[in-house]
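Number of protein chains: 2
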Amino acid sequence: MGVNRIDRCGPQNSSDYFTVQYQKQTINSFESLIRIQDFVHQHAALARCQPQTHWRMWKEGYINLERRWDRVFPVCCSMANRQMRLMNEARARASFDPRELTSIIFGGPEAVKACEAAFTRIEQVLRTSDLDKLPDTYGDLDRTGQFLDGLHFGKAMVAEKLKHGHSVFEPITPRYWLANASPFGLHVVMFIPALKLLAAPEQLAYWLPLAESYKIIGAYCQTELGHGSFIRGLQTTATFDPPNDEFIIHSPTTSSTKYWPAGLGYSASHAIVMACLIIENRNHGVHPFIVQLRSLEDYTPLPGIELGDIGLKAGYNSVDNGYAVFTHVRIPRKHLLARHAQVAPDGTYTADSSRPKLVYGTMLFARGQLVANGYLQLAQAATIALRYSVVREQGTLPFTSIPEVAELPLLAFRAQQQRLLTLMSRAFALMFAARSAGSAYAALPDQGHTEYRSLELAHATLAGLKAYATQTVADGVEDARKCCGGHGYLAMSGLPDLVATTTVLATLEGENCVMYQQTARFLVKCVHGGADIDATVAYLQDSADPELLRPAVDILDSGEQLRIFRHRAMRLVKEYAQAFSASQTRDGLNPAQAWNTHMMGFISAAHAHVEYTVLQSFVEAVHQLDTGPTRLVLQRLCGLFALGCIDGPHGLGFFDDGHLRATHLRRAHVAVGELLDNLVPDAVALTDAWNFSDASLASALGCWDGNVYERMMRWTRQVPLNAAVAKTGNVFRPGFEEFIRPILKGKL
Amino acid sequence: MGVNRIDRCGPQNSSDYFTVQYQKQTINSFESLIRIQDFVHQHAALARCQPQTHWRMWKEGYINLERRWDRVFPVCCSMANRQMRLMNEARARASFDPRELTSIIFGGPEAVKACEAAFTRIEQVLRTSDLDKLPDTYGDLDRTGQFLDGLHFGKAMVAEKLKHGHSVFEPITPRYWLANASPFGLHVVMFIPALKLLAAPEQLAYWLPLAESYKIIGAYCQTELGHGSFIRGLQTTATFDPPNDEFIIHSPTTSSTKYWPAGLGYSASHAIVMACLIIENRNHGVHPFIVQLRSLEDYTPLPGIELGDIGLKAGYNSVDNGYAVFTHVRIPRKHLLARHAQVAPDGTYTADSSRPKLVYGTMLFARGQLVANGYLQLAQAATIALRYSVVREQGTLPFTSIPEVAELPLLAFRAQQQRLLTLMSRAFALMFAARSAGSAYAALPDQGHTEYRSLELAHATLAGLKAYATQTVADGVEDARKCCGGHGYLAMSGLPDLVATTTVLATLEGENCVMYQQTARFLVKCVHGGADIDATVAYLQDSADPELLRPAVDILDSGEQLRIFRHRAMRLVKEYAQAFSASQTRDGLNPAQAWNTHMMGFISAAHAHVEYTVLQSFVEAVHQLDTGPTRLVLQRLCGLFALGCIDGPHGLGFFDDGHLRATHLRRAHVAVGELLDNLVPDAVALTDAWNFSDASLASALGCWDGNVYERMMRWTRQVPLNAAVAKTGNVFRPGFEEFIRPILKGKL
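As they're listed, the protein sequences go chains B and P. Under full-length UniProt numbering, the first residue of the first sequence is numbered 1, with each subsequent residue one higher. Under full-length UniProt numbering, the first residue of the second sequence is numbered 1, with each subsequent residue one higher.
Right, here's the structure in full:
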């Protein structure tokens with residue numbers, strides 16, 4: 001029999017809990033499971049086990065067996081409580097095998113396995129796999145503690161990467177936060193890509209090995225106190241000093257203080273500093289320089305460099321976003337990254353013609369990372385909220401006669417179904433869109449200036465998609481939080497962290513309103529463009545009469561949906577392109593004024609274009625799958641996504657020209673209802689498909705086993721404030737003596 | 001001359017700063033100002049002064065004089081920097097006197113004065129008025145520190161209230177957060193109102209004086225780990241024990257743990273506990289009981305009561321939202337609050353027929369408080385973002401030739417104008433709506449069961465308005481934060497706190513989807529209702545053909561706007577009321593199923609009704625003002641509000657039935673542009689009108705003087721992490737030794 005040891009465990013009520021350990025290889029058959037079940041039943045207690053096969057459920061005694069994790073996993077209970085039973089029942093309703101979908105999401109079974117192994121190893125290093133323990137960050141970490149935590153998981157990620165040679169933890173952390181959350185994250189996501197984009201070959205040969213082996217740790221130092229992603233406005237100067245063959249890096253004003261770069265405060269040894277190149281009083285514009293910030297021996301800041309942390313933020317307090325004031329700091333001439341512009345010893349300046357655009361390349365790469373990974377956090381939030389919604393019972397429907405019906409799980413309510421399954425559909429939509437867009441920019445860091453046209457297209461595509469994706473993620477995560485009611489506001493739900501880490505993505509690497517306008521500007525160009533226009537925007541030159549489409553509209557067919565989305569995008573782009581022209585010719589505005597007048601219109605036009613391309617990616621991805629239950633569930637999600645856009649906050653553009661009418665909307669409402677009826681049984685399986693480990697979710701509400709309330713109370717009792725007060729007779733002494741007692745005694 | 005002392009001050013760069021003190025009475029004329037100006041010029045340094053007259057601006061040397069605060073106020077600078085000059089110039093463009101609007105907002109000049117005095121006093125007590133000092137809460141408070149901070153300002157509020165006999169700090173804190181942020185806040189907002197609603201006269205005579213003099217501190221103990229605002233689902237029991245004439249309060253399950261009540265952890269001495277009344281095994285439903293939690297002498301929890309804090313939340317960590325587990329806790333029979341239900345010594349139970357509804361009264365009162373005060377936080381966020389937008393220069397418009405034009409202030413961009421001024425318009429809209437609704441529920445705590453009909457109306461009105469107002473506030477605050485770019489993500493911007501404290505309002509005291517449905521249910525009733533229907537919903541019985549309205553639509557007239565909003569509301573309510581009937585008669589669904597099918601429709605119908613009433617309140621309030629510049633600016637804001645709803649995320653309902661068309665939308669876009677052109681010069685004056693003290697905003701971005709960058713750097717250098725690291729050679733030793741050095745050395 002597989003079980004070879006049992007241990008008591010659990011910090012509270014320990015008499016209720018047991019650990020069942022066993023020899024891994026024996027748990028590989030139905031017979032082994034039965035043996036474990038018997039064993040567990042016999043002890044009538046919670047068991048922990050890690051079988052190699054799928055979970056099952058028997059009669060009254062439950063045993064949940066999780067095959068995903070190559071380690072002991074706490075999912076077994078012979079006396080499952082009500083919430084765990086509800087979760088099991090919901091999971092059992094699935095119409096498809098979530099592992100098939102996992103394989104689609106992560107790129108095949110081997111990739112899934114490698115990813116699981118990486119998470120398992122890092123969770124062991126970080127000691128986050130004990131679900132009975134309140135995660136440290138939900139306790140009482142002050143800022144220093146949070147920063148140390150960031151250094152801790154940052155180092156673990158570096159070690160994992162170097163030892164096992166994979167890139168799982170390059171773009172994300174072990175909690176699926178973006179790399180920004182680690183003090184060393186942007187070393188990989190911005191510093192190294194910037195080197196590849198901006199360094200001349202001999203410079204790259206010197207710096208890249210140092211960076212890739214972490215002998216130096218880099219920050220990407222662009223934004224200033226008074227300047228963000230508008231690179232041309234930067235004020236830091238790099239003045240060439242020919243006698244010494246050096247540049248002098250200097251912060252001439254308060255507002256030129258470098259401000260925000262991740263890791264700049266206390267973690268980075270070097271930085272790529274964007275600064276205005278000054279030669280003989282002439283400003284040649286912003287160029288990249290490598291500046292050593294700290295001694296590699298003891299990390300003391302080098303002379304003339306003031307470094308510090310910028311203080312508490314809404315999130316990402318695990319990283320030392322920092323500031324730097326440079327006071328006449330001298331660096332060698334060869335520290336100008338010289339792939340696209342060079343300064344000779346005599347001060348002669350030479351540059352590629354496309355140089356001014358290429359300095360934006362690093363931001364472009366970073367935007368690609370946001371798009372390529374941000375949806376994972378939306379999927380996490382949807383996972384937490386959907387799982388909570390099957391075990392949380394709250395209220396009844398109106399017109400229910402009270403004594404006769406019990407409270408309903410949240411997922412029984414149509415509003416909850418629609419909100420959360422729409423979020424799930426958006427996570428998939430963004431994933432497929434990111435994949436389609438990926439080919440446009442994945443190779444960018446290795447492209448030279450010969451590819452300027454494709455850079456322009458990649459820039460335009462990615463700008464709008466970045467805005468669309470980050471806003472969809474942030475809004476969705478916040479909506480998921482709201483769907484969890486009060487408990488979603490608790491740190492231990494994991495949702496406040498998800499909100500805090502995603503809400504800023506609308507700002508990072510280019511503010512979304514600005515991003516949409518960059519796409520819009522490209523689209524307007526395409527309306528008037530020539531024959532060599534890219535296929536993705538060719539539809540803008542179609543001249544079909546939109547009115548002709550109207551009688552044929554079937555809002556439920558994915559092909560028709562695509563035509564509807566395309567019609568909206570084409571109409572809005574053309575409408576505002578025309579209005580833009582008219583404001584100049586008719587009203588005599590200059591182009592900048594005319595653009596400002598129609599700015600909101602351009603933003604909505606770009607949004608419509610991006611949404612069309614997102615739907616297109618989703619529809620195409622579904623079409624490429626083999627017929628079967630997994631394809632069917634994705635097809636339903638795709639329909640829900642499309643109809644959700646039509647009846648959503650940006651839906652007006654489908655209707656105001658009469659292309660769609662109330663009858664279509666009514667059909668959409670009925671269709672959404674049917675889709676939801678079909679998708680609700682798959683809700684838990686959809687969360688399982690994303691394959692998030694419980695430790696990566698770090699959520700008392702979202703764990704795989706559904707044991708929400710007991711876990712919440714176990715974690716609550718571990719809150720450090722409670723532990724401290726318990727030692728002083730359960731009275732919070734400092735507060736009572738100084739504040740409460742004087743109030744009670746009227747001594748104010 | 002008025003100046004009688006100067007002091008150096010400021011924690012950094014102290015040589016640059018001076019304090020000018022003076023005898024208050026001398027600064028009351030233009031001559032005094034000139035004298036101060038001369039004095040300041042003479043010293044060429046920053047001055048702090050508090051004159052009794054309005055601010056002025058002279059030539060190159062600026063002196064900003066703020067008449068609002070009865071204390072020294074740091075707004076003067078003879079060497080104004082660029083940001084301060086931009087702020088002064090923007091302020092000088094106003095078309096109206098902001099003090100007139102202040103008077104409208106706060107209810108007359110006397111009320112303004114009293115409010116200012118209260119803020120000045122409490123800011124002195126809390127030592128928050130020094131703008132050179134990083135506010136403590138943006139430094140490094142751990143949870144204990146945050147809780148102590150809450151007790152600190154909570155006690156100050158109690159003292160201020162008892163000493164000066166006003167209610168300024170009953171619904172809000174000195175930062176305009178809602179009372180929930182103070183450990184003693186709900187004592188006034190829920191405990192005392194619940195007493196008034198639920199206690200029998202002799203009980204009230206006993207408990208109310210104790211509560212009002214703070215001899216006891218109360219919590220309102222309703223929600224449980226497994227149950228929220230659905231009161232009927234609560235599981236805590238209160239079992240009558242006739243021999244001892246006692247009730248036994250007990251938590252029978254994990255999920256019945258009382259969870260969330262503010263102050264319950266460590267601050268409250270007593271609680272009103274909602275529990276199921278059990279007499280001889282019969283459950284009479286949920287009733288209110290007064291339970292003493294802690295000894296009034298030493299605050300030790302009484303036997304059988306486990307109390308604790310629920311841990312970190314997304315916000316409100318200054319308050320000890322707590323949990324309580326009751327184990328057979330005995331209380332006297334007379335502790336059942338017996339206004340609406342009584343238990344005789346022999347166990348005989350008597351109750352008013354309307355009792356089951358009346359237990360909701362306390363939540364109703366709390367909802368009223370959210371509606372009546374929540375918009376202040378939206379106005380704060382708009383204030384911070386608008387002020388920042390006039391001094392922050394960032395980028396140029398597309399098609400601007402670069403060398404020729406400098407960067408533009410954010411408020412030059414149409415998108416920024418539209419987003420932020422729309423938020424400002426919404427703050428006013430919610431303010432006027434709250435006033436109109438106020439009469440419907442203000443007197444509720446004193447109403448008895450004789451007023452059941454008006455309670456139903458108040459409940460229906462307030463439920464939807466609560467949902468509308470809290471969502472508008474939370475979305476708006478988040479949008480304002482995004483409008484501030486990266487800096488809006490910094491704690492010291494004040495915006496993350498505003499986001500965290502408002503986002504939860506959608507959940508508190510009734511989840512918004514549920515709230516809208518309660519309004520919808522009432523509206524559906526009204527469609528079929530009789531002659532005694534309330535005036536506010538009478539329009540639902542109009543039978544005018546909506547199509548007849550169409551040719552007459554003038555989207556720019558406020559009367560027409562009201563008709564457009566009313567049409568949408570009427571159409572949607574009737575459409576879903578019909579669909580609801582049809583689902584029953586045609587599809588054979590029971591009412592609960594039919595409701596669930598059309599739930600999203602009912603939510604949108606209720607939203608449309610509420611939005612109509614909000615616009616109605618705004619339009620009526622503007623009409624009642626005297627003609628003049630102040631009325632004109634409010635009229636413009638009202639227009640912006642209305643057009644923003646039409647072209648906003650819920651605008652589809654105006655268009656899908658063809659009532660409005662693309663031509664209307666185009667007219668609206670032009671009109672919005674004109675309104676914005678007129679409102680932008682008033683932007684800073686609109687922020688001044690709200691009269692928020694700098695200390696209450698606690699924002700490095702939103703201060704009155706516009707000195708953003710210098711203040712940010714001053715505050716950043718005070719970040720405790722930086723101060724600590726400065727002592728160890730500017731190296732973060734623990735992080736370097738344990739994490740960074742091993743990485744650099746390849747020792748992983």
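Each residue gets a CB set at the ideal place from its N, CA and C atoms; glycine is no exception.
Length of the line joining the Cα atoms of residue i and residue j
i, j, result
"residue 585 of chain B", "residue 578 of chain B", "10 Å"
"residue 456 of chain B", "residue 284 of chain B", "23 Å"
"residue 275 of chain B", "residue 233 of chain B", "10 Å"
"residue 175 of chain P", "residue 96 of chain P", "27 Å"
"residue 136 of chain P", "residue 314 of chain B", "16 Å"
"residue 720 of chain P", "residue 271 of chain B", "24 Å"
"residue 739 of chain P", "residue 119 of chain B", "20 Å"
"residue 224 of chain B", "residue 132 of chain P", "21 Å"
"residue 400 of chain B", "residue 576 of chain P", "19 Å"
"residue 298 of chain B", "residue 170 of chain B", "27 Å"
"residue 247 of chain B", "residue 438 of chain B", "38 Å"
"residue 522 of chain B", "residue 193 of chain P", "60 Å"
"residue 505 of chain B", "residue 470 of chain B", "6 Å"
"residue 235 of chain P", "residue 374 of chain B", "41 Å"
"residue 538 of chain P", "residue 526 of chain P", "8 Å"
8 Å Cβ cut-off: residues of chain P touching residue i
i, result
"residue 658 of chain B", "658, 661 and 662"
"residue 578 of chain B", "Those within 8 Å of residue 578 of chain B in chain P number zero; the least Cβ separation is about 11 Å."
heavy atom of the ligand MN below 8 Å from residue i C-beta
i, result
"residue 710 of chain B", "Within the structure as shown, the ligand MN is missing, as the structure has no ligands at all."
Simplified DSSP state of residue i, which is helix, strand or coil
i, result
"residue 236 of chain B", "coil"
"residue 132 of chain P", "coil"
"residue 731 of chain B", "coil"
"residue 174 of chain P", "coil"
"residue 285 of chain B", "strand"
"residue 270 of chain B", "strand"
"residue 598 of chain B", "coil"
"residue 290 of chain P", "strand"
"residue 297 of chain B", "coil"
Where residue i meets chain P, residues with beta-carbon distance less than 7 Å
i, result
"residue 725 of chain B", "266"
Cβ separation of residue i and residue j, assumed to be a contact under 8 Å, to the nearest whole Å
i, j, result
"residue 390 of chain B", "residue 684 of chain B", "6 Å"
"residue 383 of chain B", "residue 692 of chain B", "6 Å"
Interface residues of chain B facing residue i [CB-CB closer than 9 Å]
i, result
"residue 179 of chain P", "Here the premise fails: no neighbours, minimum Cβ distance about 15 Å."
Under 7 Å from the C-beta of residue i: neighbouring residues of chain B
i, result
"residue 255 of chain P", "709"
Listed by chain order, chain P residues near residue i by CB distance under 9 Å
i, result
"residue 614 of chain B", "By Cβ distance, chain P contributes nothing, its closest Cβ being about 18 Å from residue 614 of chain B, past 9 Å."
Neighbour list for residue i in chain B, Cβ cutoff strictly below 8 Å
i, result
"residue 140 of chain P", "142, 143, 144 and 312"
Fill in: Within 9 Å of chain B by C-beta, residues of the stretch 199-215 of chain P in sequence order
213, 214 and 215
Worksheet item: Of the residues that make up the stretch 498-515 of chain P, which ones have a beta carbon closer than 9 Å to any beta carbon in chain B?
Response: 499, 500, 503, 504, 506, 507, 508, 511, 512, 513 and 514
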